[in-house]
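Numbering (mature numbering (1 follows the signal peptide of the UniProt record, and there is no 0)), first residue to last: -16 to -1, 1 to 228.
C-beta: ideal position from N, C-alpha, C; glycine also.
Shown next, in structure tokens, is the structure this report addresses.
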């Protein structure tokens, strides 16, 4: 796994309603590169250097937007980054690395699970340094790559990074999925398992999710129609079932 040499720029923009944080990150290694725009802790767009285009990570309900010339600018900045990498590499080769393993990994679904209906598994990794992590998926012990995607690392307010990987899947009874996280500070992959066979949330259930971008913590609580708490998860990487 290669480290990225990151050059960070952050601009705070004031509107009439609130203070917003706008971030632009670009970085590179000898074999990889990153160029990303974010707003208020969320990824907005990134350069796809393999397909030579700018990708916009907006939800379906959001108004479409573009950064004119963004990909061309990313290519130019990549050339500068590679030049700096060569110049600084020799100077910093003996500089001690300050590695931090991920502080939390969680696996959960985007939507309420219905067997036979397409959904998205999300592997949320936070609290690591330096970026990036490598996330891989398995289904019933077999590695899967089709339908998977991983966003570029996003910096938390306290310094470490957050990265999210997604897997498109169709849940079936008995299937077991896992995400394995690799990082420079880990001696072996950190694996989290999602097993749907015992989760029995009804259509009358509803869930509340809260995410703190500064710490990377995620709180999930689900209620049934009777008010019983069915699921809770707080920065622990798993779902805990049963009444509280």
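- Per DSSP, the continuous alpha helix (DSSP H) segment holding residue 60 begins and ends at 54 to 76.
- Contact annotation: residue 151 and residue 132 have beta-carbon atoms nearer than 7 Å.
- The segment 48 to 62 makes contact with the segment 3 to 18: 3 or more CB pairs, one atom from each, lie closer than 8 Å.
- Its Cα nearest to that of residue 16, the residue 32 stands out among 32, 55 and 47.
- For residue 99, there is no enclosing beta strand (DSSP E), as DSSP marks it with neither H nor E.
- Nearest C-alpha to residue 97 among 171, 156 and 177: 156.
- Distance from the CA atom of residue 174 to the CA atom of residue 88, rounded to whole angstroms, is 10 Å.
- When secondary structure is reduced to three states using DSSP, residue 166 falls in the strand class.
- In this structure, the beta-carbon distance from residue 167 to residue 136 does not fall below 7 Å.
- Judged by DSSP in its simplified three-state form, residue 157 adopts coil rather than helix or strand.
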